[in-house]
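See below for the structure under consideration.
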Amino acid sequence: MGGVPRVPEQRRPGFSADTAEQAGALRFGVLGPVRAWRGEEQLPTGSPQQRALLAALLLREGRTATAAELIDALWGEEPPSQALAAVRTYASRLRKVLDPGVLVSESGGYAVRGLAEGALDLAQAQELAAEAEKARGAGDLCHAREVLGRALALWDGEVLAGVPGAYAEAQRVRLEEWRLQLLESRLDMDLEQGCHAEAVSELTALTAEHPLRERLRELLMLALYRSGRQAEALAVYADTRRLLADELGVDPRPDLKELQQRILQADPGLAEPSAPVADPPVMPVRPAQLPATVPDFTGRSAFVSELSEVLASSEGRVMAVSALAGIGGVGKTTLAVHVAHQARSAFPDGQLYVDLQGAGPRAAEPETVLGSFLRALGTADSAIPDSLEERSALYRSVLDGRRVLVLLDNARDAAQVRPLLPGTEGCAALVTSRVRMVDLAGAHLVDLDVMSPDEALSLFTKIVGEERVASEREAALDVVAACGFLPLAIRIAASRLAARRTWTVSVLAAKLADERRRLDELQAGDLAVKATFELGYGALDAGQARAFRLLGLADGPDISLAAAAAVLDLPVEDTEDLLESLVDTSLLESAAAGRYRFHDLVRLYARACAERDEQPPSEREAALSRLLDFYLATTAQVYAIEHPGDRLIDDLEPTSYPGLRLTGQAAALDWLYTEAGQLLACVRQAAGTDRLRRAVDLLWAAKDLTESGANSHQYEMTARATCGATRAFGHDRAEGRARTVLSDVLLVSGRIRQAEEEARVAMELAASAHDSTAVSWVANNRGLICLHEGRFADGKVFFDQALEGLRAAGNRPFEATALGNLSRAYLGMGNIAKAVEIAQHGLTAHIEIGRTVRLANGHFALGVALTRAGRYTEALSRFCDALGIFNDHRQRLWEGVTHFRIAEVHLADRRPAQAAQHAEQALALGCIGGDRMRGNVLTLLGRALATLGQADRAQACWREAINLYEQNSAAEADEVRSLLTSAAAA
81 MGGVPRVPEQ RRPGFSADTA EQAGALRFGV LGPVRAWRGE EQLPTGSPQQ RALLAALLLR
141 EGRTATAAEL IDALWGEEPP SQALAAVRTY ASRLRKVLDP GVLVSESGGY AVRGLAEGAL
201 DLAQAQELAA EAEKARGAGD LCHAREVLGR ALALWDGEVL AGVPGAYAEA QRVRLEEWRL
261 QLLESRLDMD LEQGCHAEAV SELTALTAEH PLRERLRELL MLALYRSGRQ AEALAVYADT
321 RRLLADELGV DPRPDLKELQ QRILQADPGL AEPSAPVADP PVMPVRPAQL PATVPDFTGR
381 SAFVSELSEV LASSEGRVMA VSALAGIGGV GKTTLAVHVA HQARSAFPDG QLYVDLQGAG
441 PRAAEPETVL GSFLRALGTA DSAIPDSLEE RSALYRSVLD GRRVLVLLDN ARDAAQVRPL
501 LPGTEGCAAL VTSRVRMVDL AGAHLVDLDV MSPDEALSLF TKIVGEERVA SEREAALDVV
561 AACGFLPLAI RIAASRLAAR RTWTVSVLAA KLADERRRLD ELQAGDLAVK ATFELGYGAL
621 DAGQARAFRL LGLADGPDIS LAAAAAVLDL PVEDTEDLLE SLVDTSLLES AAAGRYRFHD
681 LVRLYARACA ERDEQPPSER EAALSRLLDF YLATTAQVYA IEHPGDRLID DLEPTSYPGL
741 RLTGQAAALD WLYTEAGQLL ACVRQAAGTD RLRRAVDLLW AAKDLTESGA NSHQYEMTAR
801 ATCGATRAFG HDRAEGRART VLSDVLLVSG RIRQAEEEAR VAMELAASAH DSTAVSWVAN
861 NRGLICLHEG RFADGKVFFD QALEGLRAAG NRPFEATALG NLSRAYLGMG NIAKAVEIAQ
921 HGLTAHIEIG RTVRLANGHF ALGVALTRAG RYTEALSRFC DALGIFNDHR QRLWEGVTHF
981 RIAEVHLADR RPAQAAQHAE QALALGCIGG DRMRGNVLTL LGRALATLGQ ADRAQACWRE
1041 AINLYEQNSA AEADEVRSLL TSAAAA
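Taking the working numbering, the leading residue of the sequence shown gets 81, the next gets one more, and so forth.
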């Protein structure tokens, strides 16, 4: 679409350059009620006619309004007989309220002058819209959206609210139209940035409010399509066409028709847009000392472009230096040589190259390299001095006035490089090293990472051949993934396959699947990944080598500084020094401040070193035990902060190594969600070891991860792994807890039958192990399962059992939650009054405990009961309280199901537009209950849309709901089929 819509500009001769933020400055608002402030004090603006006069003057932005114009603005064609006197009276009253000299008389009329810049909210909105238009034109959509959001936030209800007169009405229409154009522009940018799922809810509400506005319908169709809801997108078009025909007797505009056709054809152009990557500048090639570039150079377009730009800037600068750093085998030399070849035409006086052998035991001496360079530049042997300083000075003198590119490959450190750098304008240097040269003054530092999956597959295909890869694409992806997308590893693997015509890609993938043999498989001729890593490892001192070995033992995508300190059993400060030194050698990567990670192949090498070199061998197990203790102790602390008073943490396995000290809910949740992948990996790694019991308790203490919707798949896979491991070890108590956790996961995802099976076995195991904590927990889960299956009396039995155990254990917070669940059983049995009473008892207990995430569950349970009782206003209040707490505690799935319950209330209270909006928010967030609950939301959304007259889209929702119910063998499918049948007959 085009730029940001703009309201017609008006001259502002009376506005000063001062800002309206000055203390005591006058400010005015017309994008809502007509109001005035002096600083933070709101000023009286008088009667509706007096506010109409002030509005008419403000909207002229400093221009004079004649008395006749003001009379017309206030009363239109039928002014009272004393209209002129009334205008003068209103003006006099306003003068007393406003600052002296603001409301002035001029040529028989009036004007507002001398206001600070931004004193009028409309002027602010115009300036922000102009800024957004400029940012969008420059391609900065993030800033444009943010600025446009600030502009739209200036509207505060109806424009000129309560102001009478035809002039005010015309301005209302004009400014409301502008607001909608700005809103459409912001939503358009939302979609450009991939926020389609979030936009659906807002667009659904807007189309209900403005049903004939085709641009909003177009945006909604596009948002639905990009959210994978093609049927609903087409249904929106059908609803729009029918509405326009019924209301206006016209067809949809061509843009809307074209969008419908493109959706029907699944036009790839409608897919989520992505920022285009600029092609690297094409540079002529001229050979010199540079090694030959590889014929199958692949990818790296962003790095090629970045480095080429730096080299191209050498003219007019003292010297352009780029230093590439990365692990061995990542392709530093290949990239540098490729870029240097592309830049040769910019350096007509030559290109120098040397391998400084910095990764080996004997790095090249700078004076030897300088001698070689000086000879290449035409200096006679007899003219080359002996000392390093003299050779470096002569080198710079010889380069003076020339344009030469110097490629210094495989450097040891900055000290080796400095004497070899040109010092004159027009020259440039490219440096590659495993060490980040932060101490090389003025250098443009580039950290080279592994290839993207697409780049890696492309390189593999170029070497192996398109025909062999095309028939086994999945196996080829497995191969490059096993290579960790490291170019050297991919080249070795592909070369081995190319040399063995009888092998298939699947054979190679199977060989690389064995992690213990993978490094041995990745060698061909004189190329070997292990040998590349061995050079770096051999250069480490004893402390660095120990850290490298032990950190490689831990699974997980990365590791925090505090967790690494636990592995190494060192203070955090000493650990940081060691890890940063490993980062400098490129054997370890700094993923973010305070976080570190290994490349996959480097990790395998580190583990091989640990098995070979770590003495005594028991230190490997001790390191992993300390890491598990650290995660369990810290996660238990998070649980205690989130669930104060809950006795679960008193019944966890003891730990020997301490965890972090966390203060406050925000810090606790930040830690839990940041470390989720790492602690789940730690649990999986402990399966089959003596650490298993602690691992199961860690998984249980981290249960909030599954209800938040974060890491749900990883959490479930981890729970299943622990169930299998505990069964193999014969640990009844640990297996009972593992199955309890798994039943939780299955409940959250709506797989009720599987949840029931796991909960049944968990209860038997927990009872046999006399694990009262797990028995109460599973009883509550089985009660919830009964609610889903409509077995409300059975559910009450299980909730009563849970409550008995929780009261005996003094677990008051969980007891209050179980009361809320019990209230739903009474609802199912038809005893609504009892349900409300019990839910109120539960909420009261939660309130006494404090503002925790379970307080939200208390509000939610009472809201459900009040809805059934027809007390909709009270129910909405409870749900809104719950929503705020769930949001604070990052419980996304609970937020979603709360929006669904709010939608139920709105629909029951005959507010279908609001119901549809909240249902859309539930769909965007996801809900406790998985696909089955999504079917419930779609069914309710369809009802709301049908009430709004959007029959086609309603039916699309119902069809999708039926599909979800059938996949889950849910009885609700029959009910929705009847809705479709009724709609078709209407």
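Cβ atoms here follow ideal geometry from the backbone N, Cα and C, with glycine treated the same way.
Taking 8 Å as the cut-off, the beta carbon of Ser-666 is found no closer than this to the beta carbon of Val-511. When the alpha-carbon of Asp-824 is set against those of Leu-641, Thr-798, Asn-1016 and Leu-708, the nearest one is in Thr-798. Across the structure, Thr-802 and Val-776 are spaced so that their CA atoms are roughly 7 Å apart. Excluding residues up to 5 positions away in sequence, nothing lies with its Cβ nearer than 6 Å to the Cβ of Glu-157 in the same chain.
Here DSSP, grouped into helix, strand and coil, assigns Leu-228 to helix.
Among the bridge pairs identified by DSSP, Asp-435 is matched with Asp-489. By the neighbour-count criterion, in which a residue is buried when 16 or more other Cβ atoms sit within 10 angstroms of its Cβ, Glu-660 is exposed. For the set Thr-786, Arg-817, Leu-845 and Asn-791, the Cα lying nearest the Cα of Val-828 is the one of Thr-786. With respect to the C-alpha of Pro-291, the residue from Glu-264, Ala-277 and Leu-324 having the closest C-alpha is Leu-324. Rounded to whole angstroms, the gap between the alpha carbons of Ala-1034 and Arg-342 is 22 Å. Annotated as distal: Gly-438 and Gln-369, with beta-carbon spacing of 8 Å or more. Under the DSSP assignment, Val-239 falls outside any alpha helix (DSSP H); it carries neither an H nor an E label.
Under the 8 Å Cβ criterion, the segment 750-758 does not count as touching the segment 929-939, having fewer than three qualifying pairs.
The beta carbon of Gly-1015 is closer than 6 Å to those of Ala-1041, Leu-1044 and Tyr-1045 in its chain, skipping five residues each way along the sequence.
Between the C-alpha atoms of Lys-176 and Ala-224 there is a straight-line separation of about 41 Å.
Look at Gln-310 here: in three-state DSSP terms it is helix. Classified as exposed, Leu-328 has fewer than 16 neighbouring CB atoms from the shown chains inside 10 Å of its CB. Under the 8 Å Cβ criterion, the segment 977-986 counts as touching the segment 1017-1024, having at least three qualifying pairs. The beta carbon of Glu-211 is closer than 6 Å to those of Val-227 in its chain, skipping five residues each way along the sequence. Per DSSP, Gln-162 lies in no beta strand (DSSP E) segment and is marked neither H nor E. Collapsing the DSSP output to three states places Thr-146 in a strand. For the segment 535-612, the continuous alpha helix (DSSP H) assignments of 4+ residues that do not extend past its boundaries occur at 546-550, 553-562, 567-578, 585-593 and 595-601, in sequence order.
The C-beta of Leu-267 has 16 or more other C-beta atoms within 10 Å across all chains shown, which makes the residue buried. Here Glu-186 is exposed: its Cβ has fewer than 16 other Cβ atoms, across all protein chains shown, within 10 Å. Residue range 698-722 is occupied by the alpha helix (DSSP H) that includes Phe-710, with no beta strand (DSSP E) assigned at that position. A straight line joining the alpha-carbon of Val-184 with that of Thr-146 spans about 12 Å. When only Cα atoms are considered, Glu-238 and Leu-111 end up about 7 Å apart.
Annotated as distal: Arg-471 and Gly-506, with beta-carbon spacing of 8 Å or more. Taking a C-beta distance under 8 Å as the contact criterion, Ala-690 and Leu-630 qualify as a contact pair.
In the displayed model, Ala-199 falls within coil according to three-state DSSP, outside both helix and strand. Around Gly-623, the same chain offers Leu-658 as residues with beta carbons nearer than 7 Å, after the five sequence neighbours per side are excluded. Rounded to the nearest whole angstrom, the CA to CA distance from Leu-668 to Ala-625 is 12 Å.
Looking from the CA of Ala-995, the closest CA among Thr-414, Gln-122, Leu-286 and Asp-326 belongs to Leu-286.
By the CB criterion at 8 Å, Ala-191 and Thr-125 fall outside the cutoff. Short of 8 Å from the beta carbon of Thr-655, and not among the five residues preceding or following it, lie these beta carbons of its own chain, in chain order: Ala-627, Leu-641, Ala-644, Ala-645 and Leu-648.
In the structure shown, the three-state DSSP call for Gln-122 is strand.
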